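Residue numbers (our numbering), protein chains in the order written: chain A, 1 to 341; chain Y, 342 to 682.
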């Protein structure tokens with residue numbers, strides 16, 4: 001019950017990230033030696049997945065503290081990292097947590113301050129893995145023996161510091177000995193399901209099939225899916241979930257056909273400051289993600305494109321939100337508020 | 342108000358087909374000189390779209406009659422063509438219509454028989470264009486001034502002998518002077534929306550944007566789509582519509598958010614012999630359509646895939662079916678039965 005690869009690891013003063021753009025055909029690592037490298041890695045999706053972005057950003061703040069000679073420059077660098085992508089709340093959450101450690105320790109020597117920051121980044125990474133394992137233990141209770149599960153995007157070890165959120169729950173059920181079958185949505189336009197989830201499922205030997213996103217609806221209607229489990233990039237205080245484009249459509253189909261629909265997220269993905277999903281900023285990405293696939297052109301030159309990276313699923317369509325502190329059920333607003341206390 | 346390209350044209354004893362696999366980066370034609378060429382062109386999707394397949398198959402039957410020295414061989418060849426793809430009813434419909442002409446004229450000289458068959462194939466092609474134009478005139482009545490329309494897959498000149506079904510309706514509205522905007526689903530896995538519809542929309546200068554299939558749901562929920570118009574590959578006697586994968590999911594979202602949902606098909610796409618959608622054979626295509634894009638690998642080697650080419654939309658989710666004889670509204674079973682008479 002362990003990974004056969006390391007998602008992100010800090011050694012020799014560099015953050016080594018598995019290059020998720022090159023998977024599944026190539027397993028390669030990229031070393032980030034500066035906070036600018038970190039920002040690029042997040043923005044260009046060398047690393048993606050809300051918790052993985054958080055842990056990566058934490059090391060970015062440590063590198064920023066090392067590089068910057070003034071506090072003003074350091075704060076600018078932190079802001080730069082925090083703005084690499086807008087939707088996942090874990091990015092800002094991790095940067096803020098690191099900046100708090102900076103503020104608490106800035107009276108110390110530079111060496112001590114840097115030590116404190118690096119220790120905090122390590123803690124964020126380690127906590128994420130432990131949080132995921134805990135979510136797995138809690139989440140597996142909703143997976144019955146012989147269940148067929150549909151998932152979307154990638155929420156595995158690659159999306160986190162290790163193990164995974166939704167895919168972590170699925171892996172926990174599998175390693176416990178449950179006989180399960182997984183359908184993985186390919187997840188256009190970036191193919192995180194085809195490239196990353198399918199790869200992780202193969203690595204773990206979990207029986208599974210890859211499907212075009214549009215095939216999910218027929219499987220759900222025909223009773224071939226027992227439950228959907230996917231991740232989340234930002235959960236609002238009322239339980240609305242911003243997650244990878246395609247999540248919302250799945251939730252409508254599941255609701256129409258009575259199939260349970262779970263989002264698995266660490267508490268750090270809940271944004272208590274945002275009342276509902278309408279306030280979550282939705283990143284629009286470049287047209288080339290839709291018109292080209294690894295350099296292959298699939299649409300006419302200059303075709304205009306609408307390419308939102310995420311969508312918002314209303315809490316009414318969600319059966320439960322699996323966290324490391326238990327499964328949140330409706331009424332979400334009340335039950336999420338309790339977690340804040 | 343005319344095409345800037347020819348979809349399929351018979352001359353010098355060959356059927357010239359625009360190679361839809363090469364679009365939009367290359368506009369090239371493939372010449373089919375034998376019925377085996379025709380069968381391959383349909384199966385490999387050099388030509389696709391239910392009406393285009395029908396017209397192509399008609400010329401295939403003519404070529405079969407030319408090639409075969411015995412009636413038995415001819416009937417075998419016709420069967421071979423008819424089985425090239427299972428879902429679109431127009432394929433069997435066109436082959437049957439041609440075989441009827443064969444049966445009615447087989448007592449004539451070989452030259453006269455071949456003349457009759459070629460004339461019938463020309464008629465099927467020409468009728469299809471006229472049918473599409475008529476559907477355009479009828480269908481444009483559901484498109485209001487300033488409408489934003491969502492469409493799926495390709496239903497334009499490329500999917501027919503010319504002009505188009507659903508996209509023909511949209512083009513009619515545009516050429517009438519209506520100010521419209523079109524969102525085109527990219528339509529995984531074969532990208533007919535990205536490669537073909539986007540190309541036709543650009544050719545016609547219709548204001549439009551391409552979207553990943555999963556982006557449609559948010560646009561529909563947010564009130565940004567006034568209506569959906571798409572095609573159909575086989576309509577059952579109760580109004581259930583088999584169409585390109587992704588249609589069913591769209592219909593559920595439209596129903597949930599009260600957006601009108603139209604299928605535009607010629608009467609030849611209605612299969613009066615099939616009581617409902619559950620009896621429509623759904624083609625499953627090769628895994629490589631999902632795992633590779635023009636040779637680029639996007640999924641792990643040997644990943645298993647479920648790749649149905651079509652899905653079935655229940656008539657309860659359909660606002661109306663636009664045909665060359667008028668728009669069919671509920672109750673569909675009764676109103677479709679009237680058309681048969």
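The beta-carbon is built from N, C-alpha and C at its ideal position, and this holds for glycine as well.
Because the structure is a prediction, the values reported are computed rather than measured.
Runs of alpha helix (DSSP H) with 4 or more residues, each lying fully within the region 505–577 of chain Y, are found at 507–516, 539–544 and 557–562, listed in chain order. DSSP, reduced to helix, strand and coil, places residue 351 (chain Y) within a strand of the structure shown. The contact set of residue 555 (chain Y) on chain A, defined by CB atoms closer than 7 angstroms, consists of 188, 213, 245, 246 and 249 in chain order. The criterion of a C-beta distance shorter than 8 angstroms is satisfied by residue 507 (chain Y) and residue 496 (chain Y). Contact check for residue 597 (chain Y) and residue 256 (chain A): beta-carbon distance about 7 angstroms, within the 8 angstroms limit, so the pair qualifies.
Close to residue 297 (chain A), with beta-carbon spacing below 8 angstroms, are these residues of chain Y in chain order: 365 and 366. Contact annotation: residue 604 (chain Y) and residue 571 (chain Y) have beta-carbon atoms nearer than 8 angstroms.
In the displayed model, residue 645 (chain Y) falls within coil according to three-state DSSP, outside both helix and strand.
Contact between the region 294–302 of chain A and the region 76–85 of chain A is absent: fewer than three C-beta pairs spanning the two stretches fall below 8 angstroms.
Sequence-ordered contacts of the region 635–662 of chain Y with chain A read 635, 637, 638, 639, 640, 641, 644, 645, 646, 647, 648, 649 and 652 [C-beta pairs closer than 7 angstroms]. From the beta-carbon of residue 594 (chain Y), the residues of chain A found nearer than 7 angstroms are 249 and 252.
Those residues of the region 566–582 of chain Y placed with their C-beta closer than 7 angstroms to a C-beta in chain A do not exist. Shown here, residue 604 (chain Y) sits in a strand according to DSSP, grouped into three states. Boundaries of the alpha helix (DSSP H) harbouring residue 444 (chain Y): 430–446, taken from the DSSP string. According to the DSSP assignment, residue 139 (chain A) belongs to the alpha helix (DSSP H) that extends over 110–139. Taking a Cβ-Cβ cut-off of 7 angstroms, the neighbours of residue 559 (chain Y) in chain A comprise 248, 308 and 311, given in sequence order.
A residue is called buried once 16 or more other Cβ atoms fall within 10 Å of its Cβ, and residue 670 (chain Y), having fewer, is exposed. Listed along the chain, the chain Y residues whose CB falls inside 8 angstroms of the CB of residue 21 (chain A) amount to none; the nearest CB is some 12 angstroms away. With a 10 Å radius around the Cβ and a threshold of 16 neighbouring Cβ atoms, residue 679 (chain Y) comes out exposed. Among the residues facing chain A, residue 551 (chain Y) is included, as its CB has a counterpart in that chain under 8 angstroms away. For residue 191 (chain A), the chain Y residues whose C-beta falls within less than 7 angstroms of its own C-beta are 639, listed in chain order. Using a Cβ-Cβ distance cut-off of 8 angstroms, the region 599–613 of chain Y and the region 426–444 of chain Y are in contact, since at least three pairs of beta carbons, one from each stretch, lie closer than that value. Residues of the same chain with a CB within less than 8 angstroms of the CB of residue 246 (chain A), apart from the 5 flanking positions on each side, are 152, 153, 185, 187, 188, 213 and 311 in chain order.
Contact between residue 406 (chain Y) and residue 455 (chain Y) holds, with the beta-carbon distance rounding to 6 angstroms and staying under 8 angstroms. Inclusion of residue 52 (chain A) and residue 161 (chain A) in the CB contact set at 8 angstroms is warranted, their separation being smaller than that value.
Taking a Cβ-Cβ cut-off of 9 angstroms, the neighbours of residue 202 (chain A) in chain Y comprise 641, 642, 643 and 644, given in sequence order.
With respect to chain Y, the C-beta atom of residue 285 (chain A) has no partner C-beta closer than 8 angstroms. Contact of residue 391 (chain Y) with chain A by beta-carbon distance below 8 angstroms is absent, the smallest such distance being about 18 angstroms. Here residue 665 (chain Y) is buried, its C-beta having at least 16 other C-beta atoms within 10 Å. The closest CA to that of residue 410 (chain Y), considering only Y:657, Y:650, Y:475 and Y:447, is found on Y:447. Pairwise C-beta distances place the region 533–550 of chain Y out of contact with the region 572–582 of chain Y, as fewer than three of them are shorter than 8 angstroms. Within the region 253–267 of chain A, the residues whose Cβ lies closer than 7 angstroms to any Cβ of chain Y are, in chain order, 253 and 256.
Flagged as an interface residue toward chain A: residue 536 (chain Y), by a C-beta distance shorter than 8 angstroms. For residue 274 (chain A), same chain residues with a beta-carbon under 7 angstroms away, outside a window of 5 residues either side, are 236, 237 and 280 in chain order. One finds 640, 641 and 644 in chain Y with Cβ atoms closer than 7 angstroms to the Cβ of residue 198 (chain A), taken in chain order. In the assembly as shown, residue 384 (chain Y) is an exposed residue. Its beta-carbon has fewer than 16 other beta-carbons within 10 Å.
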